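Some notes on the structure that comes next.
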Amino acid sequence: MRKIAVLDQNTIDKIAAGEVVERPASVVKELVENAIDAGATAITVEIKEGGIAFIRVTDNGGGIEKEQVPLAFLRHATSKIERVEDLLQISSLGFRGEALSSISAVSQMEVITKTGDALTGVRYVIEGGREKLFEEVGAPNGTTMLVRNLFFNTPARAKFLKTAMTEAGYVSGYMEQLALSHQDISFKYMVNGQTKLHTSGNSNLKDVIYGIYGRDITRELLPVSFERLGISIEGFIGKPVIARGNRNFENYYINGRYVKSKILMKAIEEAYKPYMMQHKYPFVCLHYEIQGEEIDVNVHPTKMEVRFQNQGAVYNATYDMITEALSKREMIPEVKLEKSTEKKEEKITVPEPFETGYKKQAKQWENQIREPKSRYMETERNPGASVEASGKLQPKQEKEVFPTGLRPAVARLENSTEEQQEGTAFAEEKKDAGNSLENDTPAASENAVVQAEKPVQMELFDDRLLSKKSRVRHRIIGQLFDTYWLVEFDNKFYIIDQHAAHEKVLYERFMKEFANREIVTQMISPPQVVSLNLQEDLLLKTHMELFQRFGFEISEFGGREYSIHGVPANLYGVSVQDFFVELLDSLENENTRQPLDILTGRIATAACKAAVKGNNMLSVQEADKLIDELLGLENPYHCPHGRPTIISMTKYELEKKFKRIV
Numbered sequence: 001m002r003k004i005a006v007l008d009q010n011t012i013d014k015i016a017a018g019e020v021v022e023r024p025a026s027v028v029k030e031l032v033e034n035a036i037d038a039g040a041t042a043i044t045v046e047i048k049e050g051g052i053a054f055i056r057v058t059d060n061g062g063g064i065e066k067e068q069v070p071l072a073f074l075r076h077a078t079s080k081i082e083r084v085e086d087l088l089q090i091s092s093l094g095f096r097g098e099a100l101s102s103i104s105a106v107s108q109m110e111v112i113t114k115t116g117d118a119l120t121g122v123r124y125v126i127e128g129g130r131e132k133l134f135e136e137v138g139a140p141n142g143t144t145m146l147v148r149n150l151f152f153n154t155p156a157r158a159k160f161l162k163t164a165m166t167e168a169g170y171v172s173g174y175m176e177q178l179a180l181s182h183q184d185i186s187f188k189y190m191v192n193g194q195t196k197l198h199t200s201g202n203s204n205l206k207d208v209i210y211g212i213y214g215r216d217i218t219r220e221l222l223p224v225s226f227e228r229l230g231i232s233i234e235g236f237i238g239k240p241v242i243a244r245g246n247r248n249f250e251n252y253y254i255n256g257r258y259v260k261s262k263i264l265m266k267a268i269e270e271a272y273k274p275y276m277m278q279h280k281y282p283f284v285c286l287h288y289e290i291q292g293e294e295i296d297v298n299v300h301p302t303k304m305e306v307r308f309q310n311q312g313a314v315y316n317a318t319y320d321m322i323t324e325a326l327s328k329r330e331m332i333p334e335v336k337l338e339k340s341t342e343k344k345e346e347k348i349t350v351p352e353p354f355e356t357g358y359k360k361q362a363k364q365w366e367n368q369i370r371e372p373k374s375r376y377m378e379t380e381r382n383p384g385a386s387v388e389a390s391g392k393l394q395p396k397q398e399k400e401v402f403p404t405g406l407r408p409a410v411a412r413l414e415n416s417t418e419e420q421q422e423g424t425a426f427a428e429e430k431k432d433a434g435n436s437l438e439n440d441t442p443a444a445s446e447n448a449v450v451q452a453e454k455p456v457q458m459e460l461f462d463d464r465l466l467s468k469k470s471r472v473r474h475r476i477i478g479q480l481f482d483t484y485w486l487v488e489f490d491n492k493f494y495i496i497d498q499h500a501a502h503e504k505v506l507y508e509r510f511m512k513e514f515a516n517r518e519i520v521t522q523m524i525s526p527p528q529v530v531s532l533n534l535q536e537d538l539l540l541k542t543h544m545e546l547f548q549r550f551g552f553e554i555s556e557f558g559g560r561e562y563s564i565h566g567v568p569a570n571l572y573g574v575s576v577q578d579f580f581v582e583l584l585d586s587l588e589n590e591n592t593r594q595p596l597d598i599l600t601g602r603i604a605t606a607a608c609k610a611a612v613k614g615n616n617m618l619s620v621q622e623a624d625k626l627i628d629e630l631l632g633l634e635n636p637y638h639c640p641h642g643r644p645t646i647i648s649m650t651k652y653e654l655e656k657k658f659k660r661i662v
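The opening residue of the sequence shown carries number 1 in the UniProt record's numbering; numbering runs sequentially from there.
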C-alpha cells in the first residue's frame with residue numbers, strides 16, 4: 001500500500017498551473033489583466049505560432065519595483081488584496097496571486113519593468129519556476145512580459161494544444177473581449193508580425209464595436225442605459241436582423257470583467273424571443289456595474305464565472321431593459337438619419353421612353369402648367385371636388401393640352417382624385433411629378449426627375465404603417481397562392497402571411513387574457529389522474545395557486561395522486577398532462593419567470609394549431625379585419641415562433657427591376 005506524502009513544490013506548481021494556464025489564450029488573459037490593473041492606457045500583445053512559441057505583452061502602466069519583482073512570481077503573492085474581507089469590494093481583475101507563478105512554472109518567462117520614479121529598469125528571467133537572471137537594464141516606464149515555449153516541460157499538456165491557427169483564434173477572441181470591456185484603453189494586437197486589431201482608447205464603445213464587427217453590425221445597434229436597485233447597465237443591443245446561429249455575439253461585462261453567466265444569457269434570449277426565429281441568438285454588448293458585495297467572482301481560478309447575491313434582480317433588470325428598448329420603435333435614430341440623407345442625395349435624371357419625340361413641345365407647355373403641391377392634399381381631403389381653374393387643370397382640360405403621345409407622363413395627375421381612396425400610396429410619386437412640372441429649367445422638362453431613394457426592407461421598428469391614421473389608409477390589392485395578402489401603402493406594397501398573421505393575433509389575444517386574469521377554465525370528462533413523486537407532490541402543494549391562475553382545476557385523489565378536471569380553455573390541441581408535468585418540472589428552477597415561459601410556449605403552439613392555414617381561402621372582409629388586428633399589435637412583425645408576418649418591397653425596388661432607375 002502506497003504511503004501518503006507531501007508533494008514537492010515543483011510538482012505542486014505544475015498541477016496548480018493546470019487550473020490557470022489551459023492554453024496560450026489563458027496566458028494572454030492573465031498578463032493583460034495584470035497590465036490593466038497596473039493602470040495601463042496602452043497595451044500591445046504580440047504572439048507567434050498561436051502563442052505557443054512566443055507571447056509578448058507590453059504596457060505603459062505603473063511597473064513593478066525592483067525588490068518586488070521576484071516576489072511577484074511566488075504563489076499567492078498579490079498587491080490586490082490583503083485580507084479576505086477585501087474580496088467583498090474587489091475592483092481589480094486579478095486578486096488570487098496565481099497567474100505569474102502558474103505561467104512561469106510551465107514556460108520560459110522574461111520580465112522587463114520600470115516604475116516612473118526609478119532611474120533604471122529591471123530584467124528578470126525565470127524558466128520552469130526557477131530564477132535564471134536578475135539584472136538592471138535601461139527600459140521605458142511600464143512592463144514587458146515575454147513567454148516562450150509554453151508547456152516546454154509538461155509534454156502531456158502540450159499534446160492537447162490545437163494547431164497554431166486555432167490557438168491564435170482563441171487569443172484573438174479574447175483580445176476582442178478585452179477591447180470591448182475596456183474601451184478607454186488602446187489595444188494593439190499582432191499575430192506573426194501583422195497587426196490584427198488596434199483600438200484608439202477614446203472611450204467610445206461604438207468605435208470599438210465598429211473596429212471588431214464592422215459596419216453592417218454597427219449600423220443596426222440600439223443604445224441602452226438602465227439603472228435599478230444598485231444595478232447599472234450601459235451598452236448596445238442589436239436589432240433582430242443581425243441575429244446569429246450561435247451565442248458568439250452575446251457579450252456582457254461585470255465591473256469591467258468579461259464573464260459567462262447563464263442568468264444573463266437566459267434574460268437576454270428571453271427578451272429577444274418574440275422578435276427572432278428559434279435557434280437564433282442576438283448581438284449584445286452590455287456593461288454592468290454592480291456593487292462588489294452583491295457578486296462573487298472567486299468561483300474559479302479563471303474568474304470567468306460569477307455568482308449573484310440577487311439573481312432575480314439582475315435577471316429582471318436585463319430582461320426589462322431589452323424589452324423596453326425593442327418595444328420603443330420611435331427611438332431608433334437611424335430612421336431619421338436615413339430620411340435626412342435621402343433629401344441630400346443627388347437626383348438622377350432618367351428620360352422616359354415616350355419623351356424622346358416631344359422634347360421641343362414639352363418646353364412650350366412647361367410654362368403653361370403650374371400645379372401647387374397643396375393640390376394633392378386638397379384633393380385627398382375632398383376626392384370628388386373638381387380642380388379650380390386658377391393655375392390648375394381640370395381633367396378635361398388636361399386632355400386638350402396634352403397630345404396622346406405625352407399622356408402617360410401626366411396620367412398620374414389625371415387620376416389623382418381616384419387615388420385618394422388608396423391613402424398616400426402615391427403621394428411621393430405625385431410630388432415628384434408636380435415638381436418636374438413646376439421647374440422652369442429646360443433640363444427639368446426634358447427629363448423625368450426621379451429621387452434616388454435608398455432601398456428599404458420592412459423595418460422591425462418602422463411604425464409608419466402602425467399608426468391609427470395610417471391603418472385606415474392601407475389598401476388590399478389581392479391575394480397570392482391563397483396564402484399571402486398584398487397590401488399597398490405609402491410607396492410600398494406589403495406581403496402578409498395569413499397563417500403567421502392569424503397565429504400572432506390569436507397568441508396576443510390569449511396572452512392578454514392571461515395577463516388580465518381572464519383565462520377561462522374548460523372542464524374535462526373524464527378527469528385525468530396523475531401520479532407524483534415526493535418532490536413533485538411538495539412542489540404542487542407549494543405552487544397550487546399558480547396552477548389555478550393558469551386555469552387548472554386540481555383536486556387530491558388520494559396519496560400522491562391528483563385529479564385534473566379543469567384546464568385552460570385556450571390551449572387548443574395541447575396535451576393537458578404534458579403541459580402540467582412541464583410546468584411542474586420548471587418549478588424546480590430558481591428562475592421565477594420560467595413557468596410563464598412554459599405557458600407562453602404552449603400558448604404559441606395552441607395559436608399555431610388554431611390559426612387559419614395556408615391555401616385556405618379568406619374573404620377580403622375577413623382578411624381586412626385580420627390585417628387591421630395584426631397592425632394594431634405592439635409587435636406585429638413576427639409570429640410567436642419568430643417567423644416574419646410581413647415583408648415589403650418599395651416603389652424604388654420595383655422601378656429598379658423595370659430599369660426606370662439606373
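We put the beta carbon where it would ideally sit given N, CA and C, even for glycine.
If you're wondering where the values come from, they're calculated on a predicted model, not measured in any experiment.
Same chain only: Cβ atoms within 7 angstroms of Tyr-319, ignoring 5 sequence neighbours per side: The residue labelled residue 319 in the question sits at position 319 within the sequence shown. These residues qualify, in order along the chain: Ala-267, Glu-270, Ala-271.
Strand pairing of Asn-251, partner residues [DSSP]: In the sequence shown, the residue the question calls residue 251 occupies position 251. Answer is Cys-285, bridged to Asn-251.
Whole angstroms is fine: what's the gap from Val-632's alpha carbon to Leu-486's? As a working note, residue 632 is residue 632 in the sequence shown. As a working note, residue 486 is residue 486 in the sequence shown. First, the amino acid is wrong: residue 632 is Gly here, not Val. For Gly-632 and Leu-486, the distance between alpha carbons rounds to 18 angstroms.
With a floor of 4 residues, list each alpha helix (DSSP H) that falls wholly inside the stretch 169-236, ordered by position along the chain. 205-213, 215-218
Name the DSSP beta bridge partners of Glu-488, please? Reading the sequence shown from its first residue, position 488 is the one you call residue 488. Partner(s): Arg-475, Phe-493.
Just grab the DSSP bridge partners of Glu-131 for me. Taking the sequence shown and counting its residues from 1, the one referred to as residue 131 is at position 131. Answer is Ile-126, bridged to Glu-131.
Assigned secondary structure, His-499 (DSSP; H/G/I helix, E/B strand, else coil): To locate residue 499, count along the sequence shown from 1; it is residue 499. It is helical.
Among residues of its own chain, excluding the 5 on either side of Met-327, which ones have a beta-carbon nearer than 8 angstroms to its beta-carbon? Position 327 of the sequence shown, counted from the start, is the residue given in the question as residue 327. Sequence inspection shows Ser at residue 327; the Met mentioned does not correspond to that position. Around Ser-327: Glu-634, Asn-635.
Taking DSSP's pairing of strands, which residues face Pro-568 in a bridge? By 1-based counting over the sequence shown, the position of residue 568 is 568. Answer is Thr-521, bridged to Pro-568.
Identify which residue in Ile-64, Thr-166, Phe-152 has its Cα closest to the Cα of Asn-141. Here residue 141 refers to the residue found at position 141 of the sequence shown. When each option's Cα is compared against that of Asn-141, the closest is Ile-64.
Could you tell me whether the stretch 138-158 touches the stretch 170-180, where touching means 3 or more Cβ pairs closer than 8 angstroms? no
Assuming Ile-146 is part of the alpha helix (DSSP H), what are its boundary residues? Here residue 146 is taken as the residue at index 146 of the sequence shown, counted from 1. Looking at the sequence shown, residue 146 is not Ile but Leu. No alpha helix (DSSP H) contains Leu-146, which is instead part of the beta strand (DSSP E) from 142-148.
Any idea what DSSP makes of Gly-292, helix, strand or coil? Numbered from its first residue, the sequence shown carries residue 292 at position 292. Reduced to three states, the DSSP call for Gly-292 is helix.
Does DSSP put Ser-102 in a helix, in a strand, or in coil? Residue numbering aside, residue 102 sits at position 102 when the sequence shown is read from its first letter. Residue state, collapsed to three classes: helix.
For Tyr-167 and Arg-23, which I take to be in contact (beta-carbon distance under 8 angstroms), what is that distance rounded to the nearest angstrom? As a working mapping, residue 167 is identified with position 167 in the sequence shown. As a working mapping, residue 23 is identified with position 23 in the sequence shown. For clarity, residue 167 is Glu in the given sequence; the question names Tyr instead. Sure, about 6 angstroms apart at Cβ, within 8 angstroms.
Apart from the five residues on each side of it in sequence, which residues of its chain come closer than 8 angstroms, Cβ to Cβ, to Ser-555? Here residue 555 corresponds to residue number 555 of the sequence shown, with the count starting at 1. Excluding residues within five positions, the ones whose Cβ falls inside 8 angstroms are Tyr-562, Ser-563, His-565.
How about Ile-212 and Ile-254: are their beta carbons less than 8 angstroms apart? Against the sequence shown, residue 212 aligns to sequence position 212. Against the sequence shown, residue 254 aligns to sequence position 254. Going by C-beta atoms, Ile-212 is not nearer than 8 angstroms to Ile-254.
Roughly how many angstroms lie between the CA atoms of Phe-552 and Leu-161, to the nearest whole one? On the sequence shown, position 552 is the one that residue 552 refers to. On the sequence shown, position 161 is the one that residue 161 refers to. Between Phe-552 and Leu-161, the C-alpha separation is close to 55 angstroms.
Proximity below 8 angstroms, CB of Val-612 to CB of Ile-476: Locating residue 612 in the sequence shown gives position 612, counting from the first residue. Locating residue 476 in the sequence shown gives position 476, counting from the first residue. No, Cβ-Cβ distance for Val-612 and Ile-476 is not below 8 angstroms.
Exposure of Ile-647, with buried meaning 16 or more beta-carbon neighbours within 10 Å: The count along the sequence shown starts at 1 and reaches residue 647 at position 647. So Ile-647 ends up on the exposed side.
With 16 other Cβ atoms within 10 Å as the buried cut-off, status of Gly-282: Mapped onto the sequence shown, residue 282 falls at position 282. The sequence given here places Pro at residue 282; Gly does not occur at that position. By the neighbour-count rule (16 or more Cβ atoms within 10 Å), Pro-282 is buried.
Using 8 angstroms for Cβ pairs, my map puts Ala-35 next to Ile-47. What's the rounded Cβ distance? As a working mapping, residue 35 is identified with position 35 in the sequence shown. As a working mapping, residue 47 is identified with position 47 in the sequence shown. Not a contact, Cβ separation roughly 15 angstroms.
Compute the Euclidean distance between the alpha carbons of Met-523 and Val-284, then round it to the nearest angstrom. Position 523 of the sequence shown, counted from the first residue, corresponds to residue 523. Position 284 of the sequence shown, counted from the first residue, corresponds to residue 284. Spanning the two alpha carbons is a distance of roughly 45 angstroms.
Determine the direct distance from the alpha carbon of Arg-509 to that of Met-544, and round the result to whole angstroms. Locating residue 544 in the sequence shown gives position 544, where the first residue counts as 1. Locating residue 509 in the sequence shown gives position 509, where the first residue counts as 1. Using only the alpha carbons, I get a separation of about 25 angstroms.
Where Gln-234 and Arg-643 are concerned, what is the direct C-alpha to C-alpha distance, given to the nearest angstrom? In the sequence shown, the residue the question calls residue 234 occupies position 234. In the sequence shown, the residue the question calls residue 643 occupies position 643. Reading the sequence as shown, one finds Glu at residue 234 and not Gln. Spanning the two alpha carbons is a distance of roughly 30 angstroms.
Apply the 10 Å Cβ neighbour rule to Phe-658 and answer buried if 16 or more other Cβ atoms are within range, or exposed otherwise. Residue numbering aside, residue 658 sits at position 658 when the sequence shown is read from its first letter. When all chains shown are included, Phe-658 counts as exposed.
Would you call Thr-120 buried or exposed, if buried means 16 or more other Cβ atoms sit within 10 Å of its Cβ? Along the sequence shown, one-based indexing puts residue 120 at 120. It counts as exposed.
Restricting to runs no shorter than 3 residues, where is the beta strand (DSSP E) found entirely within the stretch 526-551? none
Give me, in chain order, the residues of the same chain whose beta-carbon lies closer than 7 angstroms to that of Glu-388; leave out the 5 immediate sequence neighbours on both sides. Within the sequence shown, numbered from 1, the residue matching residue 388 stands at position 388. Note that Glu-388 scores a pLDDT of 39, beneath 50, so its modelled location is shaky; the value from the coordinates is reported in the next line. Result list for Glu-388: empty, nothing under 7 angstroms.
Within 10 Å of its beta-carbon, does Gly-183 have 16 or more other beta-carbons around it, so buried, or fewer, so exposed? Translated into positions along the sequence shown, residue 183 becomes position 183. Here residue 183 is Gln; the residue named in the question, Gly, does not match the sequence. Under this definition Gln-183 is a buried residue.
So Ile-646 is in the beta strand (DSSP E); what residue range does that whole segment cover? Along the sequence shown, one-based indexing puts residue 646 at 646. Start and end: 646-650.
Anyone know if the C-beta pair for Glu-305 and Lys-260 falls short of 8 angstroms? Looking up residue 305 in the sequence shown gives position 305. Looking up residue 260 in the sequence shown gives position 260. Result yes, Cβ atoms of Glu-305 and Lys-260 sit closer than 8 angstroms.
Where Leu-584 and Ile-627 are concerned, what is the direct C-alpha to C-alpha distance, given to the nearest angstrom? The residue labelled residue 584 in the question sits at position 584 within the sequence shown. The residue labelled residue 627 in the question sits at position 627 within the sequence shown. Looking at the two C-alpha atoms, the distance is approximately 37 angstroms.
Buried or exposed for His-474, please, with buried defined as at least 16 other CB atoms from any protein chain shown within 10 angstroms of its CB. Locating residue 474 in the sequence shown gives position 474, where the first residue counts as 1. With 16 or more Cβ atoms within 10 Å of its Cβ, His-474 is classed as buried.
Give every residue of the same chain whose Cβ lies closer than 6 angstroms to the Cβ of Glu-176, excluding the five residues on either side of it in the sequence, and list them in chain order. Against the sequence shown, residue 176 aligns to sequence position 176. These residues qualify, in order along the chain: Ile-212.
Is it right to say Phe-489 is buried, meaning 16 or more other beta carbons lie within 10 angstroms of its own, or is it exposed? Within the sequence shown, residue 489 is the residue found at index 489, counting from 1. By the 10 Å Cβ count, Phe-489 comes out buried.
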